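The next block holds one structure in the form of structure tokens; read it before the comments.
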């Protein structure tokens, strides 16, 4: 029987540790990921470091209604692919999802070309009553949240934790507004070259009867209602929705035009769902 190093789960998020364990399956290391001492960390080439530490595009940054800024998970995937190559990295887990009250937690590890690069706990809010956020969506959100934290450990997007960058970005790209309950929230400014009228309250559009080409399926009422439901969750008003879909009226869209756009809205919503990463002057609360 062989022995070696393993990243073994202890059953609690944040308590993963490197241990000497036997390679056969036991209750304690059933999900162990074998790592030898020589497989921990790797020397990065100068061009890889340049890609990882490159300044973020300010236009890619998003803001949550509570005022915390973030980068959607595709940013981190793109940076990792550019630095190491598609298929050269992975974020395996050796822990089953854990639900504490309405907070789901799951631990993930980052491996690059077989080298262990770090461990982080991903978290996401889960409510069975939220039909727009399934149990599977919540687990996927945990992975996205962990990916952000793992990449932060590599030095990606560190601007988002620097107070000066946060202040300047908000002044340039964000604004506050008052919702229907009288609460002050944040949102990204609508980009326009002229003054826009005050955003109107979102109301579901009704699809009017009209001839539709048989070979071009048009968007249906169910999809339109889904768009407005997700828009409300991420704090978008009508101007943001129409800009996102590039159409003055949603009923003019085809199903083909709509599918990818709806998926991207859901990704934005899922990125905003996880509990916030702590600001620069606070410690994360697990």
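Numbering (this note's numbering), first residue to last: 562 to 847.
We put the CB at the ideal spot given by N, CA and C, even for glycine.
Being a predicted model, the structure only gives us computed values, none of them experimental.
For residue j and residue i, believed in contact at Cβ under 8 Å, the rounded distance
i           : j           : result
residue 715 : residue 684 : The pair is not a contact, with the Cβ atoms about 20 Å apart (cut-off 8 Å).
residue 682 : residue 644 : No, residue 682 and residue 644 are not in contact; Cβ-Cβ is about 23 Å, not under 8 Å.
residue 719 : residue 631 : Between residue 631 and residue 719 the Cβ distance is about 13 Å, and since that is not below 8 Å, they are no contact.
residue 785 : residue 744 : At roughly 27 Å, the Cβ-Cβ gap does not stay under 8 Å, so residue 785 and residue 744 are not in contact.
residue 794 : residue 830 : 5 Å
residue 694 : residue 791 : Not really, about 10 Å apart at Cβ, beyond 8 Å.
residue 750 : residue 738 : No, residue 750 and residue 738 are not in contact; Cβ-Cβ is about 10 Å, not under 8 Å.
residue 713 : residue 602 : Between residue 602 and residue 713 the Cβ distance is about 16 Å, and since that is not below 8 Å, they are no contact.
Neighbourhood of residue i by C-beta distance below 8 Å, restricted to the same chain and skipping five residues each side
i           : result
residue 604 : none
residue 806 : 788, 814, 818, 819 and 822
residue 617 : 632, 636, 718, 720 and 721
residue 638 : 708
residue 809 : 803
residue 609 : 644 and 645
residue 726 : 720
residue 844 : Confidence at residue 844 is low in this model, with a pLDDT of 38, below 50, so the placement of that residue should be treated as unreliable; the coordinate-derived value is given next. So the list is empty, once near-sequence residues are dropped.
residue 653 : 594, 669, 670 and 672
residue 690 : none
residue 700 : 658, 665, 667 and 685
Residue i and residue j closer than 9 Å at C-beta
i           : j           : result
residue 669 : residue 711 : yes
residue 635 : residue 828 : yes
residue 860 : residue 674 : What the structure shows of the chain is the stretch from 562 to 847, and residue 860 is not part of that stretch, so it cannot be assessed.
Own chain partners of residue i with C-beta closer than 7 Å, once the 5 adjacent residues on each side are dropped
i           : result
residue 796 : 626, 746 and 748
residue 651 : 672
residue 660 : 687
residue 836 : With a pLDDT of 42 at residue 836, under the threshold of 50, the modelled position of that residue is not reliable, and the figure given next carries that caveat. The residues are 664, 684 and 686.
residue 780 : 811, 812, 814, 815, 816 and 819
residue 736 : 748 and 750
residue 824 : none
residue 647 : none
residue 848 : Residue 848 is absent from the model: the chain starts at 562 and stops at 847.
C-beta neighbour in chain D for residue i, strict 9 Å
i           : result
residue 708 : No chain D appears in this structure, which consists of one protein chain only.
Proximal residues to residue i (C-beta, below 6 Å), its chain only, five neighbours per side dropped
i           : result
residue 717 : 613 and 640
residue 662 : none
residue 755 : In this predicted model, residue 755 has a pLDDT of only 47, less than 50, meaning its place in the structure is not dependable; the value taken from the coordinates is given anyway. Nothing listed; no residue qualifies.
residue 770 : Note that residue 770 scores 44 on pLDDT, short of 50, meaning its location in the model is unreliable; the coordinates nonetheless yield the value given after this. Same-chain partners within the cutoff: there are none.
residue 678 : 671
residue 826 : 791
residue 587 : Bear in mind that the predicted position of residue 587 carries a pLDDT of just 33, short of 50, making it unreliable; the figure below should be weighed with that in mind. So no residue of the chain qualifies.
residue 838 : Caution applies to residue 838, whose pLDDT of 44 falls short of 50 and renders its modelled position unreliable; the value that the coordinates give is listed next. No residues qualify anywhere along the chain.
residue 607 : none
Residue i: CB within 8 Å of a non-hydrogen atom of the ligand HEM
i           : result
residue 787 : In terms of ligand content, the structure shown is empty, and the ligand HEM therefore cannot be addressed.
For this session: Report yes or no: do three or more beta-carbon pairs, one from the stretch 817 to 827 and one from the stretch 613 to 620, lie closer than 8 Å?
Result: no
For this session: Enumerate, from N- to C-terminal direction, the unbroken beta strand (DSSP E) stretches of 3 or more residues contained entirely within the stretch 673 to 704.
Result: 676 to 686
Problem set entry | Cβ contact (3+ pairs, closer than 8 Å) linking the stretch 727 to 740 and the stretch 616 to 625 | Yes: at least three Cβ pairs fall under 8 Å.
Exercise. Taking the runs of the alpha helix (DSSP H) that are 4 residues or longer, which of them lie wholly in the stretch 783 to 835?
Worked result: Counting only unbroken stretches of 4 or more residues, the alpha helix (DSSP H) elements lying wholly within the stretch 783 to 835 are 799 to 806 and 816 to 833, in sequence order.
For this session: Starting from the N-terminal side, write out each stretch of the beta strand (DSSP E) that is 3 residues or longer and does not extend beyond the stretch 705 to 741.
Result: 735 to 739
Problem set entry | In chain order, each alpha helix (DSSP H) run of at least 4 residues that lies wholly inside the stretch 604 to 629 | As far as the stretch 604 to 629 is concerned, its whole alpha helix (DSSP H) runs of at least 4 residues are 607 to 614.
For this session: Mind listing, in chain order, the continuous beta strand (DSSP E) runs of no fewer than 3 residues lying wholly within the stretch 624 to 667?
Result: 659 to 661
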